Amino acid sequence: MNAEDTLKRISEFHGHLGPYVVVGYRMGQAANRLLGPDPFGKTALVLTGGKPPKSCLVDGIQLSSGCTLGKGLIGVVDQGEVAAVFMSKTRKATSRISLKKGIADEITTIPHEEMENLAARLYTLTEDELFDVSHEE
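Here's what the structure looks like:
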């Protein structure tokens, strides 16, 4: 699926395209790379809390990682961070993925009318440009 189709899918799932849902989608992709793509093989704990706009991360993570509320594989706690911890269910592996401070600052300062363009740009960044990742086996 190309970037345009993926962004459309994210927007349809979430209801609009914003930076946090795209960041969540990319976090789920990173978790799949680190822990495997099996949607039943990992769990996610999202550290944003349940209040928008940061909680939009949850929808992106659900869509890309397969860690969904319906499967009981995702939880949300309020630690005020744009981060998630993913745990493998089949091996002793944990990945903590957090948004880089510079990107987080950019999201909070950009005018509302530019959010969709920012979201599309964030989708194109590399994992290293977006995230700080710690992974333990």
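For the sequence shown, the positions run 2 to 138 when my numbering is used.
The beta-carbon is built from N, C-alpha and C at its ideal position, and this holds for glycine as well.
Keep in mind that this is a model prediction, so the values were computed, not measured.
- Taking 8 Å as the cut-off, the beta carbon of Ala-105 is found no closer than this to the beta carbon of Leu-18.
- Beta-carbon to beta-carbon, Val-22 and Gly-61 are separated by about 4 Å, close enough to satisfy the 8 Å threshold.
- Contact between Gly-16 and Leu-58 is absent: CB atoms are separated by about 14 Å, not below the 8 Å threshold.
- Taking the CA atoms as reference points, Gly-71 sits about 27 Å from Glu-5.
- Straight-line spacing of the CA atoms in Gly-76 and Pro-112 works out to 30 Å.
- Judged by DSSP in its simplified three-state form, Phe-41 adopts coil rather than helix or strand.
- Counted as a single uninterrupted DSSP element, the stretch harbouring Met-88 is not any alpha helix (DSSP H) but the beta strand (DSSP E) occupying residues 84-89.
- Taking all protein chains in view, the Cβ of Gln-63 is crowded by 16 or more other Cβ atoms within 10 Å, so the residue is classified as buried.
- Annotated three-state conformation of Leu-74 is coil, per DSSP.
- When the beta-carbon positions are compared, Ser-56 and Ala-32 stay at least 8 Å from each other.
- By the Cβ-count criterion, Phe-132 is buried, with 16 or more other Cβ atoms from all chains shown falling within 10 Å of its own Cβ.
- DSSP links His-136 through a beta bridge to Ser-96.
- Going by DSSP, Cys-57 is part of the alpha helix (DSSP H) stretching over 57-66.
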